[in-house]
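Each residue of the sequence shown is one higher than the last, beginning at 10 in this note's numbering.
See structure below.
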Amino acid sequence: VKETGHILMVNYEDIKNLKVTAIEAERFLHDGGFDSTGRYFLVAANARNKLAVVDTKEDKLVALIDSEGNKPHPGRGANFVHPEFGPVWVTSHLGDEVISLIGTDPEKHPQQAWKVVQTLEGQGGGSLFVKTHPK
Numbered sequence: 010v011k012e013t014g015h016i017l018m019v020n021y022e023d024i025k026n027l028k029v030t031a032i033e034a035e036r037f038l039h040d041g042g043f044d045s046t047g048r049y050f051l052v053a054a055n056a057r058n059k060l061a062v063v064d065t066k067e068d069k070l071v072a073l074i075d076s077e078g079n080k081p082h083p084g085r086g087a088n089f090v091h092p093e094f095g096p097v098w099v100t101s102h103l104g105d106e107v108i109s110l111i112g113t114d115p116e117k118h119p120q121q122a123w124k125v126v127q128t129l130e131g132q133g134g135g136s137l138f139v140k141t142h143p144k
């Protein structure tokens, strides 16, 4: 629920008895996408320069990250394996040229998980989306 900063997780297993879990995150949620495993959903609260990470298996907020840029705008984000930091999820920013790489592997790379592990300088004054090239 974008303006309230709440994420609603809806379990559709029993369509007549929906289970709805409200997760408090950060206000002005905008867009986001899943990490490479499909378990964690990362969503931008771009008016606050934050990223909320939700564990969709446990239905809970696992991190609220400072994006280290101005107005994160991931679209669905981009996933790839960084040679040093392992699996990462990437967002660009509308308000500046910062591209943030967030570590997404709490099991094999716990020291990098749910942190900005690297920032890159993009071209120009901002960017809408980041994508990876298919193999």
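Glycine included, each C-beta is placed from N, C-alpha and C at the ideal position.
Model, not experiment: these values are computed from the prediction.
I108 sits away from V71, with the two beta carbons spaced by 8 Å or more. In the structure shown, E12 falls within a helical segment according to DSSP collapsed to helix, strand and coil. Between the alpha carbons of V19 and T30 lies a gap of roughly 6 Å. Beta bridge pairing from DSSP links A34 with no other residue.
Here E106 really is in contact with G131; their C-beta atoms are around 4 Å apart, less than 8 Å.
If you look at K59, you'll find it in the beta strand (DSSP E) that goes K59 to D64.
Here the C-alpha atom of G14 lies approximately 22 Å from the C-alpha atom of G47.
For the set W123, H118, K80 and T128, the Cα lying nearest the Cα of H39 is the one of K80. Under the DSSP assignment, V139 falls outside any beta strand (DSSP E); it carries neither an H nor an E label. In the structure shown, Y49 adopts extended strand secondary structure according to DSSP, grouped into three states.
Apart from the 5 residues on each side of it in sequence, V10 sits with its Cβ closer than 7 Å to the Cβ of L17 in its chain, given in chain order.
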